[in-house]
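Below is one structure; the comments refer to it alone.
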Amino acid sequence: MADFRHLSVMPDEVIRFLAPSDSKTYLDGTLGGGGHSLLILENAPQAVLVGIDRDRAALAAAGERLAAYRERFHPVHGDFADLAGHLAALGITALDGFILDLGVSSHQLDTGERGFSFQQDAPLDMRMDTSSGETAADLVNDLPEQELERIISEYGEERWARRVAAFIASARSESPITTTFQLVDVIKGAIPKAKWEERIHPATRTFQALRIAVNHELESLERGMRAALDLLKPGGRGVIISFHSLEDRIVKHIFREYAEGCNCPRQLPICVCGRQPRVKVLTGRPVGATQQEINENPRARSAKLRAVEKL
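Taking my numbering, I'd label the letters of the sequence shown as residues 711 to 1021.
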């Protein structure tokens, strides 16, 4: 079996909010190793599940893990942002539920050659789909300094973004930055050592920013969310797990948008917009992992789960 290591976050909470049932159609838009998909298939006899992932290693591992359910499981290689097209190709026009787990898998972080981690020296890649698209090295070496600063500031929320971008521009003028450790050294030089945070590696935010930019993660999240919500049947549920504030902000705002009704000016005596709420938010505040789960899987510490039900 493909060595795809990933502990699915908040499995009990996902099943509680998704409430899968018999003979329904579900989507796992971020298949990964298939953990959440397995739970859905186990808890919903005769349900059909479509699993989408950009990572072929994830698809291979999930295919083996879910081999016993092959008649009800449909793996798809692609971006969940394009889920409407992927589902239409399978003859599926509506969903009873969906799950999006936006976390990077342990396998992706721990596989050196993928270039996601600043803990291992590897080619500076960071692509979820290694068959297409620009790598992190392409961005680091080719983007204008001001654009690098914007990406590191917006996507990494890095207060030292200007210095990091300037140091990258200076270093690449001498020779291309092609490996993770080369970039780590540049970042360490840019951020004054006295300002390094005790529990956060100085490269964390810049690496996050580049990964988001390489994979167009925030754009994919918004497109995929809207498509999935539009395809939900009445009573169907959507569950999304995010791992940093940028993702959670998008999830919260889109859920709130779909939950809003009339937005006419208050001074109007009657509604003229005709806008009706399309979902009911099931999580007033995001749900976090239990302390027991965090002890067993420290990467669950930053996970936030939000859920809605289609009206």
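Quick reminder that beta carbons are idealized off the backbone N, C-alpha and C, glycines included.
Margin query: Using C-beta distances below 6 Å, list every residue in its chain close to ASP765, excluding the 5 sequence neighbours before and after it, in chain order.
Written below: Position 55 of the sequence shown, counted from the start, is the residue given in the question as residue 765. MET838, listed in sequence order.
Buried/exposed call for ILE910, threshold 16 Cβ in 10 Å: As a working mapping, residue 910 is identified with position 200 in the sequence shown. ILE910 should be labelled exposed.
TODO: Answer yes or no: do ILE809 and LEU728 have a C-beta to C-beta separation smaller than 8 Å?
DONE: Position 99 of the sequence shown, counted from the start, is the residue given in the question as residue 809. Position 18 of the sequence shown, counted from the start, is the residue given in the question as residue 728. For ILE809 and LEU728, yes; Cβs fall inside 8 Å.
- Query: Tell me which same chain residues have a C-beta within less than 6 Å of the C-beta of ALA913, skipping the five on either side of it?
  - Reply: Taking the sequence shown and counting its residues from 1, the one referred to as residue 913 is at position 203. Around ALA913: PHE828, VAL894, ILE897.
Which of helix, strand or coil DSSP assigns to LYS1048: Since the displayed the chain opens at 711 and closes at 1021, residue 1048 lies outside it and no answer follows.
**Bridge partners - HIS784, DSSP secondary structure assignment** = Start at 1 with the first residue of the sequence shown, and residue 784 comes out as number 74. HIS784 has VAL760 as its beta-bridge partners, per DSSP.
Within a Cβ cutoff of 7 Å, which residues of the same chain sit near GLU844, ignoring the five residues on either side of it in sequence?
For the purposes of this step, residue 844 is taken as the residue at position 134 of the sequence shown. In its chain, beyond the 5 residues on either side, VAL924 have a beta carbon closer than 7 Å to the beta carbon of GLU844.
- Message: Between VAL1018 and chain C, is any beta-carbon pair separated by less than 8 Å?
- Response: Included in the structure is just one protein chain, with no chain C present.
Under 8 Å: do the region 954-970 and the region 870-882 share three or more Cβ pairs, one atom per stretch?
Not touching, per the Cβ criterion.
- Query: How long is the line joining the alpha carbons of MET711 and GLY773, rounded to whole angstroms?
  - Reply: Against the sequence shown, residue 711 aligns to sequence position 1. Against the sequence shown, residue 773 aligns to sequence position 63. Only weak support is given to the placement of MET711: the predicted model assigns it a pLDDT of 40, under 50, and the value that follows is read from those uncertain coordinates. Here the alpha carbons of GLY773 and MET711 stand approximately 9 Å from one another.
Point to revise | Separation of ALA904 from LEU956, as counted between CA atoms | key: Taking the first residue of the sequence shown as position 1, residue 956 is located at position 246. Taking the first residue of the sequence shown as position 1, residue 904 is located at position 194. Their Cα atoms are separated by approximately 27 Å.
| query | Do GLU859 and ALA847 come within 8 Å of each other at the CB atom, strictly closer than that value? | reply | On the sequence shown, position 137 is the one that residue 847 refers to. On the sequence shown, position 149 is the one that residue 859 refers to. Their beta carbons are not under 8 Å apart, which means ALA847 does not touch GLU859 by this criterion.
Would you say ARG947 and GLY813 are within 8 Å of each other, going by their C-beta atoms?
-> Counting from one through the sequence shown, the residue named residue 947 turns up at place 237. Counting from one through the sequence shown, the residue named residue 813 turns up at place 103. Taking 8 Å as the Cβ cut-off, ARG947 and GLY813 do not qualify as a contacting pair.
Going by beta-carbon coordinates alone, are GLY934 and LEU793 separated by less than 8 Å? Within the sequence shown, numbered from 1, the residue matching residue 934 stands at position 224. Within the sequence shown, numbered from 1, the residue matching residue 793 stands at position 83. Yes, the Cβ-Cβ distance between GLY934 and LEU793 is below 8 Å.
**Prompt:** Given TRP906, which residues of its chain have a CB within under 7 Å of its CB, disregarding the five upstream and five downstream residues?
**Reply:** Along the sequence shown, one-based indexing puts residue 906 at 196. So the qualifying residues of the chain are PRO912.
Contacts around GLY744, its chain only, beta-carbon distance under 6 Å, and the 5 residues preceding and following it disregarded = Taking the first residue of the sequence shown as 1, we reach residue 744 at position 34. Same-chain partners within the cutoff: ALA772, ARG775, LEU776.
**Item:** Reduced DSSP secondary structure (H/G/I, E/B, other) of THR916
**Value:** Here the question's residue 916 lines up with position 206 in the sequence shown. In the three-state DSSP reduction, THR916 falls in the helix class (H, G or I).
_Let me make sure I understand the geometry here. Which of ALA876, ASP940, ASN1007, LEU805 has the alpha-carbon closest to that of GLY850?_
As a first step, residue 850 must be located in the sequence shown, where it is residue number 140. What sits at residue 850 in the sequence shown is Val, not Gly. Looking at the Cα atoms, ALA876 is the closest of the given residues.
message = Just to confirm the assignment: which complete alpha helix (DSSP H) runs, minimum length 4, are found wholly within the region 799-886?
response = Entirely contained in the region 799-886, the alpha helix (DSSP H) runs reaching 4 residues are, in chain order, 816-820, 846-852, 855-866, 871-884.
C-beta contact flag for ALA757 and PRO721 at 8 Å
In the sequence shown, the residue the question calls residue 757 occupies position 47. In the sequence shown, the residue the question calls residue 721 occupies position 11. No, they are not a contact pair.
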